[in-house]
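Participant: With mature numbering (1 follows the signal peptide of the UniProt record, and there is no 0) as the guide, the letters of the sequence shown map in order to residues -24 to -1, 1 to 143.
Every residue, glycine too, gets a C-beta built ideally from N, C-alpha and C.
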Amino acid sequence: MSKSMYATVIFLMLAVAGCGGAGAPECTASEALQKQFGSLAAMSGLAEMKTMLVEDASLVHSRINGTNDERPIHWAALSGNTDVVTLLLDNGAEIDAVDAQGLTALHWAAWQGQMEVARQLVGKGATVDMVSVAGNTPLDRAISDGHQDVADYLTSVGAKIGSELTE
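1. So Arg95 is in the alpha helix (DSSP H); what residue range does that whole segment cover?
2. Starting from Ala86, follow the alpha helix (DSSP H) in both directions and report where the run begins and ends.
3. Just reading off the alpha helix (DSSP H) that Arg117 is part of, what are its end residues?
4. With distances taken Cα to Cα, identify the nearest neighbour of Asn57 among Asp75, Gln77, Ser34 and Gly89.
5. In chain order, what residues of the same chain have a beta carbon less than 7 Å from the beta carbon of Thr131, not counting five sequence neighbours either side?
6. Report yes if the CB atom of Glu31 is closer than 9 Å to the CB atom of Asp75, and no otherwise.
See the structure below:
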């Protein structure tokens, strides 16, 4: 495995495991993923991630081939890790980067009910009405997955559901 790919995998494992930041939330990924990646993630932290970015800043743009073409910012948003989201954005990660399904980090945060990350992304300029390939916005994801607090917040900042945008 190349150094770049290794570093990208470390980023993803840290984000999924909820590691890397003070007060990081409990991991929201599946138990299988936690078991697979937990021990390596536990050995790493935010300091190691910063070091990797100093050595190779392009890591924030890495796509994970063979999956859904997501980037580290997607996994950081999914896990609710605001420290990692900040680190990635401060180092040039694209806030509205899309995966293979047209989902942004805000979609991923809304899907998992990650309110603090949703606020953080919107505050940094994330597009609240980005429509995925399936026609869903982050608001659609929050509603369909039962995260009313995130849905209310997105509505308060002017977000719309996908059908309102595609009519």
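Facilitator: In short, the structure shows the following:
1. Met91 to Gly99
2. Ala81 to Gln88
3. Pro114 to Ser120
4. Gly89
5. Leu115
6. no
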